[in-house]
Structures are given as structure tokens and as C-alpha cells.
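For reference, the structure discussed in these notes is given below.
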Amino acid sequence: MQLLTNYFQATNEAMMKRAEAELKDFVKTEQAFTFALELLKNVSQLDERLVWFVTFVFEKRIRREWFEEDVSLVKSLLVSAMITLDQLKKGNLLSQIVEIYCGTILVNYETVSPVTEVVTLFKNTQNSHLFFTCLSTIFDIFENKVTKVKIRLRIKANTFIQFSNEGKNIMRVILNNYHTDFTGALNCFAKAFTTFQFYVFRTIDFTKMIQQASLMPELNEVVSDCCDKMISAHGTDFPLFNLLKMLEAMRLQIANSVNNDHFNVNFIVQLMTLVVNSDRQMNDLNFKASVNDGVTSVLKFNELHHSDVKMMRELHPVFPILARYVYTIGELDKIEVMCACILDSIFHFKNGRMEELDLTEDLLNKQTEYERLIDQSMLYIGGLIEYNENCKSICENYSKNAIELILNRKTIGIGAILDFSTANSVFLMSLAGKNLSPEGCTSFLKQVLEYGVCVQSIQDDECKTLVTSYAVLVENLCGMLRASTIEMRSSIASIIFSMGFKCVNVYIKKEILELGFDVVAMWKPESLTYKVVNDIFKQILGVVGQFPAQLQAEVYGMVLSFVLIENGREISQQEVDFGNQLLNFLILQIKEKCEKNDENGCITSILFMKDVISKCDSIRVGSSLLFNCVELLHVTYVKDNLMKMSKYLRNAYCQLFNETIKTLGNNLADGQLSGVVDSFFEVYGEHFDDVIKSGDKIECESLCVYIAMFSRFVQFSVRKYVNNFDGMPIELLQMSEKAFMFCMDKLGKLLSSDLYTTEVVIESYTILFDLTEMFAEKVMTDQELVMFGVNMIVKGIKNEDMSVVRLVVERVEQLNMKKRMFKWDYIRKASTRIVFTVLTTMIENHNNFEELAKLLFDFSKEQPNAKAIFEEVLYTINTEEGVPEKERNRIVLLFQNLTPKSFLRTLKNFVNDVAINRSLVNC
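Numbering (the numbering used here), first residue to last: 25 to 947.
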């Protein structure tokens with residue numbers, strides 16, 4: 025005792041460690057074992073510390089060896105101690121002693137069954153509580169849930185197998201004795217479902233126990249736990265006969281519920297969950313009939329108890345389950361009854377009943393859960409409505425209640441307020457779509473929007489997905505209003521945008537504004553009143569600055585979609601005003617960002633302005649306004665600052681000015697924007713080699729864009745003199761020559777590097793050809809252009825750039841030159857892919873077929889895989905359906921032994937045959 029006292033009274037860590045070491049040595053001794061046995065003999069004097077000591081001693085003893093004489097004595101003392109503690113109602117001490125007892129009998133498992141021991145104990149004591157407590161503890165030991173005694177260390181692997189084999193025996197013991205202690209029996213039964221394999225239960229009829237227990241109100245929780253364990257452990261593997269008997273139990277309980285205010289509603293919910301999920305049983309007619317009877321019973325129960333708020337709250341989880349079941353089996357009479365029942369239950373409960381309860385925090389949480397269940401029910405009702413026309417009229421009767429139910433959630437919490445799931449969307453759409461007039465649908469939509477005003481105060485980003493669901497619903501409803509009046513649509517659009525402007529959270533604000541733009545795009549701006557559209561447009565431009573940079577670009581994109589006009593449609597002055605407003609606004613935005621040194625914001629605005637300018641044909645922005653805006657930008661912020669600004673900002677400006685020149689096109693007056701071109705020439709002309717040498721991808725991209733800008737500028741500037749070349753100002757002629765030399769030189773160098781942009785090279789080279797064709801040899805001779813093309817092809821071949829090769833071949837062939845386009849040496853060593861590209865392009869564009877045939881034959885003698893290429897070349901000029909297989913084979917065979925003369929004849933004959941099916945250019 026003194027060692028125990030020292031241990032429990034230690035006041036510091038050092039004393040504790042010393043006392044613990046002494047105690048550990050002591051508990052291993054025979055003296056300690058004898059002392060523990062004496063304590064068990066005087067169990068009425070035991071306290072927590074002494075029981076702990078006994079547990080400690082026995083644990084050490086079990087780890088070593090039990091002597092046969094010890095086992096009999098220990099078990100006798102433990103049983104006596106358990107009986108006494110049970111009588112004294114010392115539950116905590118009892119549980120520890122029970123664990124020691126169970127550990128003791130399990131050690132001897134190989135010779136004596138623990139179940140036999142427990143049954144013997146029960147027979148000797150007739151104490152059912154103690155019996156089921158011991159049995160439950162054995163389950164806990166096998167599930168490794170016992171922590172006080174480390175029994176698990178002594179249980180061997182085959183012991184688990186033995187225990188599982190005894191499963192049926194254990195079940196029978198429980199079922200033979202449950203009437204003496206329902207709670208203990210059901211607890212053991214629940215644990216058995218978790219521990220044993222399901223084959224143990226296949227021939228065990230446990231439904232009678234469940235039936236009887238389910239009618240006892242005090243056992244509600246235990247029955248629910250037992251059913252929950254059954255479902256979670258074995259689910260749809262439930263034997264059919266057990267399922268049918270469980271359904272009988274449920275119907276019996278429902279039948280008795282008329283005079284029974286307290287019964288296990290949760291049992292109904294769990295059981296219906298189980299049977300409805302038993303899809304494998306659905307083909308069994310007995311099962312289906314039984315479930316249908318069960319459904320009918322539940323509906324009857326709902327009818328009897330719908331005024332009991334508490335009971336209906338507990339029952340409600342069964343409705344989405346039943347709705348899914350009825351929807352699955354598709355019995356129309358059940359669908360109608362179910363639809364009406366669920367709606368009646370929901371709305372009857374909702375209308376006036378909630379006020380009878382105290383709105384405590386706990387209740388509010390339950391109410392939120394209730395709302396979730398409503399959503400589940402709505403999902404299936406929506407499906408039922410689609411499935412059965414008759415349900416639409418049923419739901420129509422509930423439409424007013426439905427709207428109130430789903431929209432009036434403002435006292436429940438933000439999560440429930442915004443929980444517009446797919447279920448609600450389907451349900452509301454079904455209601456709104458049932459022969460509602462435009463006026464009725466508008467009124468309904470306004471209710472939805474009034475409800476949605478609560479999103480204005482949302483601060484939590486996690487609500488974004490909920491707002492998105494809400495937006496989907498609104499957009500779907502708006503889709504029904506295309507036929508409504510312009511005033512109705514304008515009113516709805518105003519409400520949506522007003523909601524967005526008032527939102528506190530910028531991410532939610534963006535979501536709601538995007539909803540507004542989507543709706544307007546659906547209706548088209550011209551289908552709203554000018555005043556509404558103009559107000560929205562001004563307001564949206566006013567709030568753009570509130571968004572962070574990453575969202576600004578998205579909002580700009582919405583704005584642009586807002587002002588785009590379909591090509592070919594008449595445009596009103598008000599729509600021109602929108603484009604002008606937008607352009608002027610962007611100039612102010614760029615100015616503001618520059619003054620605040622907000623480079624990211626400035627780049628965002630510049631690139632958006634570029635997008636706006638690219639759509640100027642659709643927006644119908646006047647060319648004079650566009651020129652003035654761009655000129656203002658250049659003079660104010662660009663002209664003297666290009667070298668000082670960052671490469672990213674310079675790149676944005678370069679893209680903007682290139683797009684402007686492309687958009688203005690022939691509307692450029694002499695000299696207009698020449699200052700822009702000159703400014704960038706100072707950077708990318710004079711420092712071109714340094715930029716290329718640096719290998720900076722951003723700068724090289726800007727350089728490529730500038731080359732295109734320069735080429736295009738010259739093209740547009742000289743195009744008006746196409747019939748009056750002598751009238752071209754000398755300055756423009758000099759600049760044109762400068763542009764040609766610069767662009768050809770730089771394009772060549774770019775192609776020699778890995779830094780060029782294919783699109784820009786193609787664009788610039790195309791412009792050069794266009795200018796050459798316009799002015800014959802005044803600007804550049806054919807021969808010069810061809811030699812430049814040859815260089816381009818050589819570099820294109822080197823870089824395996826098909827686009828460049830094809831472009832140059834096409835354009836040079838179109839010059840109708842008498843001489844061969846280039847020497848064969850240029851492609852002799854090229855890859856098969858390049859050769860194929862060149863030859864097919866030449867065939868499509870060539871005027872001199874005989875020369876091409878010679879070229880093909882020369883190539884056939886030098887290229888190992890010439891046959892395949894020749895075949896593919898001919899294939900490209902054949903009909904769309906392709907060369908017939910036998911024709912292809914004939915060509916290949918002929919090709920093997922041809923002389924130049926016969927080759928040419930064969931080729932001509934082949935082309936003439938093909939020409940019957942297809943008009944071949946130049947053939």
C-alpha cells in the first residue's frame with residue numbers, strides 16, 4: 025500500500041519517476057499478485073486507485089504465464105467482484121473488472137470457448153446485464169477498443185478465426201436472451217454486425233427482436249444505432265427474408281402509432297434507406313410489393329401525424345428517399361401520391377409551425393439540416409414532374425408555398441439562404457414553366473431576385489459557388505422572358521445590376537455583374553430601353569476600378585461583349601455612343617494608372633483597349649475618335665518614355681498601336697501615326713541586333729509585332745497611290761524603301777534565330793508581296809523579292825517551319841515567273857516533310873506543268889523515298905474522295921521504270937484523267 029501511496033502522492037516529476045520504477049518492479053512479484061487477489065475478495069472497499077493497481081498486476085501477469093490453479097481462482101474472484109460491483113451500481117469499476125475477466129478467459133481460448141464461459145456465468149447468476157456487458161467487452165477487445173488492459177498482446181491470430189467461427193453461436197445466445205435485457209442485447213447485436221462477416225447472419229432471424237424493441241420508446245436510440253450498424257456494415261447485401269420482416273416490423277409500428285405518441289421515427293427512416301438502396305432486390309415482386317406497402321404506410325403515417333412538428337421533423341429525411349424510390353420504379357399512381365404528400369408535408373410543416381418552437385441555436389442548426397433535406401426532396405420532385413405530366417398540376421397548386429419556402433430563408437443563416445442547388449432550380453423551373461404568362465414569370469423572377477438581394481452583404485469567398493448556383497437559376501428564368509415586353513426585361517436587368525453594384529465582396533460582385541451581362545447578351549441590348557442600358561453602362565464603367573487587376577480583365581471582357589454589335593445589322597446612334605464612351609473611359613483609365621505608377625493596371629487597360637480596337641468594326645467607333653485617342657496616348661505617355669518604361673509596358677503599347685494601324689487601315693491620312701512608327705524604330709530598329717542577341721522573349725515578341733506594324737503602316741500609307749505612283753510624296757517613297765530594306769533584313773535575321781513569331785513573319789512577308797504586286801518594280805524587282813523568298817525558304821527549311829515555306833512558295837509561284845522559282849539545291853537535302861510541302865504547293869500553283877514534271881523526275885532520281893512522295897503529290901491533286909487504290913498502285917508501278925519522256929507522258933495522262941472529276945487550276 026505504501027508503494028501505491030507514494031505513487032499517487034508524488035508532488036514532482038522526480039518523485040513520480042522513482043515511485044513508478046518501484047511500483048513496476050513490485051507488480052511483477054508474487055506478493056503483488058497475492059495482494060491483488062485479496063483486494064478482489066473485499067471488492068466493496070475498492071476504489072479507482074485500487075482497481076487500477078489490480079488491473080496493472082493482472083496485465084503483467086497475463087503477459088507472462090497463467091498457472092492453471094491461478095486461472096480458476098482468478099475467474100472465481102472476478103465473477104464475484106463483478107456481481108458485487110453491479111449490485112453496488114459502480115459502473116466504472118465494473119467495466120474495468122469485466123475487461124480483466126474477459127482478458128482472462130480469452131487467454132485460455134484454445135481450451136475453453138469464451139462464449140461458453142459467459143453463458144455459464146449468465147446461467148449461474150441470471151444477471152442479464154452482466155452477461156451482455158461481458159459479451160460486449162469481448163467484441164470490444166476484438167475490435168481493439170479496449171485501452172485499459174493490453175489484452176490484445178496475448179490474443180493469437182487463430183483466436184480471431186475461432187471467434188468468427190463462433191459467430192452464429194454468439195448470435196443465437198443473444199437472440200435467446202434479449203428479452204431479459206433489450207439494451208444490452210441490441211448493443212451486442214450492433215457490435216456483431218461490425219465484427220463478423222455477413223455470412224454469419226444469412227440464416228439468423230433477428231427481426232423479431234428488432235420488431236419488439238422498435239415498439240419500446242425508451243429503446244429508440246439503441247434500435248436506431250443497431251439499424252445504423254446493420255446498414256453501414258452490410259448495406260444492400262441484406263438477406264431478402266430479413267428485409268421483408270423488417271418492413272413488416274415498420275408497418276406494425278406505424279399501425280400502432282395512432283395511439284402512440286413516442287415511437288422510433290428514425291427506425292422508419294433508416295429502414296427505408298436500407299430497402300430503397302437494395303437495388304438488387306428490385307426485380308423481386310414480393311420485395312417490390314412489400315416496399316410499396318411500406319411507402320403507403322409512411323404516407324398514411326404522414327397523414328396522421330402531420331400536425332406534430334417534432335415528429336414530422338424526425339420523419340422528413342425519409343421523403344427524399346421515398347421520392348427516389350418511387351421515381352426509380354416509375355409507378356405513376358405512386359408518383360402522384362408521393363409528390364402531393366411530400367409537398368404537403370414540407371409546406372404544412374413550414375407554414376406557421378416553426379413559430380411554436382424556440383428558435384435556439386441548436387434548433388437553427390437543425391432547421392438548416394431540414395432545409396438540406398428539402399433540397400433533396402425538391403431534386404426528386406423536379407424529376408417526378410418531368411416524369412409525369414399529372415404532377416405538374418399538383419405542383420402548380422403548391423407554387424406559392426414553394427416560392428415562400430425557398431425564398432424566405434433570411435432568418436436561417438447565409439449558407440441556407442444561398443443554397444440554391446440543382447434541386448431547387450429544377451423544381452422552380454418546373455413551376456415557373458407551367459403555362460406562366462410573361463407577366464407571371466416576371467413577377468416570379470422578381471421574387472427570386474428580391475430574395476437574392478441578401479448576396480449584397482456576403483463577405484465569405486466560399487459562398488461564390490452558392491452565388492453561381494443562384495445565378496444559373498436566374499439566368500434560366502430570364503430565358504423564359506424573351507417574349508415579354510421591353511419594359512419588363514429592362515426592369516429585371518436593372519434589378520440584377522443594382523444587386524451587383526451593391527455587393528461588398530468584389531468576387532461576388534463580379535459573379536452578379538457577369539450574370540447581368542449574360543442576361544443582357546441573351547436578350548441583346550437593343551431589346552432593353554436605351555435609358556436602362558445607358559445607366560448600366562455608365563455604372564459598370566464606374567465600378568471597374570474597384571476590382572483587383574486579375575478581375576479587371578474579366579470585367580473588361582464583359583463590357584466588351586456588352587457593346588458588340590452583330591455584323592450586317594443596322595446600328596443606332598446610342599450604340600455608337602457606347603463604343604465612344606468605352607474608348608474615352610479607357611484613355612482616362614490609362615492616364616490614371618500611369619499617374620499612380622500602377623504598371624499592372626496600366627497594362628491591363630492597354631491590352632483591353634487593344635481588344636476594343638480590334639472590335640471597332642463591330643462597335644462602330646469613328647476612325648477620327650480612334651486616331652485622336654491613340655495619338656493622345658502616344659504624345660502624352662509613349663513618345664519620350666519608350667526607352668525608360670519596362671519591356672512589359674512597352675510590349676503592351678506596341679500591341680495597341682499595331683492593332684490601331686490595322687484597324688484604321690485605308691483611313692490613315694498621309695503622315696498619320698508616323699510618329700508612332702518612328703518612336704518604336706528608335707528602340708527596335710537601332711537596337712535590333714542587341715535585342716536579338718539578348719534572347720529576351722518579351723522584347724523579341726515586341727520586335728516581331730513592330731515589324732508587322734511597320735510593314736502594315738507602309739502598305740496602308742502607299743495604297744492610295746496605287747494608280748498614281750508618281751504622285752506619291754518623296755518622303756513616303758523614301759520611307760517605303762526604308763521599310764522594305766529594314767523588314768527584309770530583320771525578317772531574315774529573325775528567321776535565323778529561334779526567336780521569331782511565325783504569324784508576324786508570314787504577315788509581314790505577305791505585305792511585302794502585296795506591295796510588290798501593287799507597284800511592279802518601282803519598289804522592288806521580282807528578282808529581288810524572289811531572292812529574298814529563296815533566303816526565307818532556306819531558313820524555313822532549317823527551322824522546319826512549314827508555314828513559312830508554304831507561304832513563300834505560294835507567293836513566288838503567283839508572280840508567274842518564267843524561270844524556275846529556285847535552284848533544286850535548296851531542297852535536295854531537306855527533310856521529306858519539307859520536300860512534300862514544297863512540291864504539293866508548287867503543283868497547286870504552278871503554270872508550267874512540263875517543267876514541274878522534270879523537277880519531279882530529277883528529284884525521283886536523287887531522293888530514296890521519292891516514290892512515296894510522288895504518290896502523295898499526285899494524291900493531293902486528285903478528287904476529294906482520293907485516288908482509287910488500283911490507280912495508285914498503277915502509278916507506283918509505272919514510276920519504277922520510267923524514262924524522262926515516258927514519265928512526262930504518264931504524268932500528263934494521269935492529270936488529264938483526274939481533271940474529268942475536278943477542275944485543276946493551271947492543268
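Ideal Cβ positions, reconstructed from N, Cα and C, are used throughout, including at glycine.
Predicted model only: the values in this text are computed from it and were never measured.
About 6 Å separates the beta carbon of Leu-692 from that of Ser-741, a gap short enough to meet the 8 Å contact definition. Nearest to Asn-558 by alpha-carbon distance, out of Thr-509, Glu-141, Lys-534, Asn-604, is Asn-604. The beta carbon of Val-139 is closer than 7 Å to those of Glu-190, Asn-193, Ile-194, Val-197 in its chain, skipping five residues each way along the sequence. The beta carbons of Leu-210 and Val-246 sit closer together than 7 Å. Boundaries of the alpha helix (DSSP H) harbouring Tyr-708: 698-708, taken from the DSSP string. DSSP, read as helix, strand or coil, puts Pro-753 in coil. By the Cβ test, the stretch 721-733 is not in contact with the stretch 745-755, since fewer than three Cβ pairs between them sit closer than 8 Å.
In this structure, DSSP gives Pro-138 a helical state, which the three-state scheme calls helix. Membership of Ile-228 in any alpha helix (DSSP H) is not indicated, and neither H nor E is assigned to it by DSSP. In the three-state reduction of the DSSP assignment, Leu-70 falls in the coil class, being assigned neither a helical nor a strand state. Residue state for Asn-151 is assigned as coil, using DSSP reduced to three classes. Note that the C-beta distance between Ala-273 and Ser-238 is below 7 Å. The beta carbons of Ala-577 and Leu-552 sit no closer together than 7 Å. Note that the C-beta distance between Leu-276 and Val-299 is not below 7 Å.
C-alpha of Val-95 to C-alpha of Leu-70: approximately 21 Å in a straight line.
Taking C-beta atoms under 8 Å as the contact rule, Leu-607 and Gln-679 fail to qualify, at a distance of about 16 Å. Uninterrupted alpha helix (DSSP H) stretches at least 4 residues long and entirely within the stretch 499-537 occur at 510-526, given in chain order. Excluding sequence positions up to five before and after Ala-56, its CB lies within less than 6 Å of the CB of Phe-50, Val-81, all in the same chain and listed in chain order. For Ala-693, there is no enclosing alpha helix (DSSP H), since its DSSP letter is neither H nor E. In the three-state reduction of the DSSP assignment, Ser-670 falls in the coil class, being assigned neither a helical nor a strand state.
In terms of Cβ geometry, Val-785 and Phe-737 do not form a close pair [threshold 7 Å]. For Val-342, same chain residues with a beta-carbon under 7 Å away, outside a window of 5 residues either side, are Ile-292, Val-293, Met-296, Val-322 in chain order. DSSP, reduced to helix, strand and coil, places Thr-628 within a helical segment of the structure shown. The three-state secondary structure of Glu-190, taken from DSSP, is coil. Annotation for Leu-539: Ala-495, Val-498, Glu-499, Ile-520, Gly-524 place their beta carbon closer than 8 Å to its own, counting only its chain and skipping 5 residues before and after. Uninterrupted alpha helix (DSSP H) stretches at least 4 residues long and entirely within the stretch 534-568 occur at 554-567, given in chain order. Annotated as distal: Leu-64 and Leu-118, with beta-carbon spacing of 7 Å or more. Per DSSP, reduced to three states, the secondary structure at Asp-720 is coil, with no helix or strand assignment.
For Phe-265 and Leu-159, the gap between their C-alpha atoms comes out near 27 Å. A Cβ-Cβ contact shorter than 7 Å links Thr-149 with Ile-107.
Membership of Val-51 in the alpha helix (DSSP H) is indicated by the continuous run 37-51. Nearest C-alpha to Leu-673 among Phe-705, Phe-651, Thr-628, Asp-635: Thr-628. Around the C-beta of Lys-770, 16 or more other C-beta atoms lie within 10 Å, and the residue is accordingly described as buried.
Shown here, Asn-116 sits in a helix according to DSSP, grouped into three states. Taking every protein chain shown into account, the CB of Ile-234 has 16 or more other CB atoms within 10 angstroms, so this residue is buried. In the assembly as shown, Val-122 is a buried residue. Its beta-carbon has 16 or more other beta-carbons within 10 Å.
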